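Numbering of the sequence shown is given in the numbering used here, commencing with residue 2 and proceeding in unit increments. Heads up, the beta-carbon is just placed ideally off N, CA and C, and yes, glycines get one too. Predicted, not measured: the structure shown is a model, and the values here were computed from it.
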Amino acid sequence: MGLGFAAGLGVAASAAVGRKVVTAARVGQGHPLKHRALDLASGLIQPKYPLEAMSTYLNGLHMYADEMGRQVEASHFCIHLRHDLHQCVIFDRNAPDARLIGIEYITTEERFLSLPEDEKRLWHSHHYEVKSGVLAAPGVPELAEHAYFTDLVTTYGKTFHTWQYDRDDFPYGIPQLMMGLTADGQSDEGLIRQRDRRLGISTARKRASRADIPMPEVAPGANLWESGRTVQTRLEEMDFKR
């Protein structure tokens, strides 16, 4: 290893540590000093293997499974856990103080087709999200992004949001089932324009660049809301089993 390369690694490592300290200190403002000290120490010392393995950052829109008019931006951080399963944690944005708002599982068409019919009702297709350009991988070179979405266009996702941040400043209530858009005219264009400006991307250009990605046939059972009926979570009181 050359000295210049080693020195560069040292500077990069120091900068990374510095960023962690500054970020932890900023996010922790308002907490007691002893809590902030613990946050800083654990941020530098403890390995976080599941988080470090989440290598893919995707940004898109989700709508509540029972209300198309309620659409929210969702920043996904994902790992390709195995050949037929991605798992993602979802935040409201890509920032140190972002709010954790939900989770998504992504599976292949083959695995989706094997699911029980009741299970399929919880899943949505990604065909339109990919082809429309609404789903993006900010910062990834176009060729790499194109290759990634060529694979993702045939997949299906199951998403629950634990924080209705479009309404509340606190994670009230129970997880809500979310769905994806499936056709033109459904998306909140104002929300997309706001997202594009902030991230420095163009949904229209991404749509044009993905025109050559084949549009898949959507498997029966996905996107239940398109039938005019849907499902959503609710609290139910029941007897406690001992």
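Gly70 and His162 do not touch by the CB rule: their CB atoms are close to 15 Å apart, not below 8 Å.
Taken atom to atom, the span from the alpha-carbon of Met180 to that of Leu144 is near 28 Å. In the assembly as shown, Asp152 is an exposed residue. Its beta-carbon has fewer than 16 other beta-carbons within 10 Å. Around the C-beta of Met64, 16 or more other C-beta atoms lie within 10 Å, and the residue is accordingly described as buried.
CA-to-CA, the gap between Leu59 and Leu114 works out to about 25 Å. Secondary structure in the segment 44-116: the beta strand (DSSP E) runs of 3 residues or longer, each lying completely within the stretch, are 57-65, 68-83, 86-92 and 101-108 in chain order. Looking from the CA of Ser203, the closest CA among Pro215, Asp213, Glu190 and Ile214 belongs to Glu190. Ala66 places its beta carbon less than 8 Å from that of Thr231.
CA-CA distance, Ala38 to Ser126, rounds to 44 Å. In this structure, Glu130 is the residue among Gly174, Gln88, Arg211 and Glu130 with its C-alpha nearest to the C-alpha of Gly186.
Looking at the DSSP output, Thr160 bridges to Glu105 and Met179. When secondary structure is reduced to three states using DSSP, Ala145 falls in the helix class. The three-state secondary structure of Ser133, taken from DSSP, is helix. Judged by DSSP in its simplified three-state form, His125 adopts strand.
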